[in-house]
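Quick note, the sequences are listed as chains A and B, same order.
No gaps in the numbering here: position 155 of the first sequence is 154 in numbering that gives the first Met the number 0, and each next residue is one more.
No gaps in the numbering here: position 106 of the second sequence is 105 in numbering that gives the first Met the number 0, and each next residue is one more.
Idealized CB from N, CA, C, for every residue including glycine.
Owing to the predicted nature of the structure, the values given are computational and were not obtained by experimental measurement.
Report on the following structure.
Number of protein chains: 2
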Amino acid sequence: MAAWGERLAGVRGVLLDISGVLYDSGEGGGVPIAGSVEAVARLKRSRLKVRFCTNESQKSRGHLVGLLRHLGYDISEGEVTAPAPAACLILRERGLRPHLLVHDGVRSEFAQVDTSNPNCVVIADAGESFSYQNMNKAFQVLMELENPVLISLGRGRYYKETSGLMLDVGAYTKALEYACGIEAEVVGKPSPEFFKSALQQMGVEAHQAQ
Amino acid sequence: MAAWGERLAGVRGVLLDISGVLYDSGEGGGVPIAGSVEAVARLKRSRLKVRFCTNESQKSRGHLVGLLRHLGYDISEGEVTAPAPAACLILRERGLRPHLLVHDGVRSEFAQVDTSNPNCVVIADAGESFSYQNMNKAFQVLMELENPVLISLGRGRYYKETSGLMLDVGAYTKALEYACGIEAEVVGKPSPEFFKSALQQMGVEAHQAQ
């Protein structure tokens, strides 16, 4: 295995995922993945810029960062690119007022957004809030719109919790897409715009990042 | 409009849908659709064979027929082709032991089926039972199988209740298909096998039916 210096020639910045890379979420906050705390510390001591790019849409950035610091990570809120704040920018730019099908833990990210008389639906990893009642409500909002707009925070199929595999937002987005006969707009990975915004925030060009 | 006799030349049997044709379901059992009680009675007085072919998968045939009789319909359990009994035949033929993601109201149809140590999932219109927990459980069963088999009782996008539009089984089937990377087998309309079994039960060939 080549040394870091050689493998990272020309690289100025590193984007790190969080869930499944830094930690596995679960009861009591989750557990760090072996070696990751030291790896992040080592990257931060290097000449490389470091940014965290996550599709986590169940927790606010504040909550997520608090949890990771508790697990031993050197991380701050300003270093995290997450889909909820990215969605808020889009909503503002396009004058969209969302009906939110989201977890209570991420609701604070939308505190400044007008949610009255909704003209779109934002779906995130709502976890236990993916009840039949809540899914129907989001579906009914979409069906009442002349041009239904569904914004999905990610396309993930499932993720691993300490208790086992859990369905992610992508599965529920598929359900609404099928029922309404529409296609969702994805904010989050793998959307190129999402990666670009993370690079921009880091001040690094795409060819200089890993 | 041509008289019945002329329009039905060569026709020996009629397949009738139930939900949205005979009645709209909803609180208190639902309401009959105007003119349908008399239309069924008239068909039954004619020389035509009549059979009811439904994708209803929330209620047992016994419950459904009781409800329709209460609304004024002349109908018996033996005249109804429904996906749950059709699925039971398939399960038996192929030695499949299902994990059931179904409404409690239809569970009795599966009373004779071995559900121990499941090697497939049967999904129906589970209504309120489409909780995140129940969806995850079905997902986990599928992910633990070497060859995941998902049998879906219909492909409906949504249906109308007296209280509004409700998501149907097809939407939740899509969610599991996407999460597992598989395709479900559909038992119920629009599966040709399902229509054929209804015709067979009526003793009528496809070209003689409407």
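Cβ of residue i less than 9 Å from any chain B Cβ?
| i | result |
| --- | --- |
| arginine 106 of chain A | no |
| cysteine 119 of chain A | no |
| serine 18 of chain A | no |
| phenylalanine 129 of chain A | yes |
| asparagine 135 of chain A | yes |
| phenylalanine 193 of chain A | no |
| aspartate 163 of chain A | First, the residue type needs correcting, since residue 163 of chain A is glycine and not aspartate in the sequence shown. Closer than 9 Å: yes. |
| leucine 149 of chain A | no |
| glutamine 132 of chain A | yes |
| lysine 48 of chain A | no |
Among the candidates the options, whose CA atom is the shortest distance from the CA of residue i?
| i | options | result |
| --- | --- | --- |
| glutamine 139 of chain B | A:Met134, A:Glu127, A:Leu166 | A:Leu166 |
| serine 115 of chain A | A:Gln132, A:Gly94, A:Ala125, A:Ala123 | A:Gly94 |
| valine 79 of chain A | A:Val30, A:Lys58, A:Arg96, A:Pro191 | A:Lys58 |
| tyrosine 72 of chain A | A:Ser162, A:Asn118, A:Tyr22 | A:Tyr22 |
| leucine 152 of chain B | B:Ser35, B:Leu90, B:Val186, B:Pro191 | B:Val186 |
| lysine 159 of chain B | A:Glu92, A:Ala178, A:Arg156 | A:Ala178 |
| serine 75 of chain A | A:Gly65, A:Asp16, A:Pro84 | A:Gly65 |
| leucine 144 of chain A | A:Lys48, A:Leu164, A:Pro117, A:Ala85 | A:Pro117 |
| valine 39 of chain B | B:Val20, B:Pro191, B:Val105, B:Gly9 | B:Val20 |
DSSP state of residue i, grouped into three classes?
| i | result |
| --- | --- |
| aspartate 103 of chain A | helix |
| glutamate 160 of chain B | strand |
| leucine 175 of chain B | helix |
| phenylalanine 129 of chain B | coil |
| leucine 144 of chain A | coil |
| arginine 211 of chain B | This structure gives no information on residue 211 of chain B, because the portion of chain B shown stretches from 0 to 209. |
| glycine 28 of chain B | helix |
| alanine 85 of chain A | helix |
| glycine 77 of chain A | helix |
| alanine 170 of chain A | helix |
| valine 13 of chain A | strand |
| valine 121 of chain B | strand |
| serine 196 of chain A | helix |
According to the Cβ coordinates, are residue i and residue j closer than 9 Å?
| i | j | result |
| --- | --- | --- |
| phenylalanine 194 of chain A | cysteine 52 of chain A | yes |
| valine 101 of chain B | cysteine 119 of chain B | no |
| serine 56 of chain B | alanine 81 of chain B | yes |
| valine 30 of chain B | leucine 70 of chain B | yes |
| glycine 174 of chain B | arginine 156 of chain B | With the sequence shown as reference, residue 174 of chain B is identified as alanine, and glycine is not the correct amino acid for it. No, these two residues do not count as a Cβ contact at 9 Å. |
| arginine 50 of chain B | methionine 142 of chain B | no |
| serine 130 of chain B | aspartate 103 of chain B | no |
| isoleucine 89 of chain A | isoleucine 150 of chain A | yes |
| alanine 183 of chain B | isoleucine 122 of chain B | yes |
| leucine 42 of chain A | leucine 63 of chain A | no |
Determine whether the Cβ of residue i lies closer than 9 Å to any Cβ atom of chain A.
| i | result |
| --- | --- |
| arginine 156 of chain B | yes |
| lysine 188 of chain B | no |
| glutamine 57 of chain B | no |
| aspartate 23 of chain B | no |
| aspartate 103 of chain B | no |
| glycine 169 of chain B | yes |
| glycine 153 of chain B | no |
| alanine 178 of chain B | yes |
| phenylalanine 51 of chain B | no |
| glutamine 217 of chain B | Nothing can be reported for residue 217 of chain B: it is not among the residues displayed for chain B, which extend from 0 to 209. |
| leucine 216 of chain B | The question about residue 216 of chain B has no answer, for chain B in this structure spans 0 to 209. |
Whole angstroms are fine: how far does the CA of residue j sit from the CA of residue i?
| i | j | result |
| --- | --- | --- |
| alanine 137 of chain A | leucine 99 of chain A | 8 Å |
| phenylalanine 109 of chain A | aspartate 113 of chain B | 48 Å |
| arginine 215 of chain B | glycine 61 of chain B | In the structure displayed, chain B extends from 0 to 209; residue 215 of chain B sits before or after that span and is not available. |
| serine 162 of chain B | glycine 126 of chain B | 14 Å |
| leucine 7 of chain A | alanine 208 of chain A | 9 Å |
| lysine 48 of chain B | valine 13 of chain B | 6 Å |
| arginine 96 of chain B | leucine 198 of chain A | 50 Å |
| arginine 46 of chain B | alanine 83 of chain B | 30 Å |
| glutamine 111 of chain B | arginine 91 of chain B | 10 Å |
Taking only heavy atoms of the ligand FAD into account, decide whether any of them is closer than 8 Å to the Cβ of residue i.
| i | result |
| --- | --- |
| lysine 58 of chain B | Among the components of this structure there are no ligands whatsoever, and the ligand FAD is therefore not found. |
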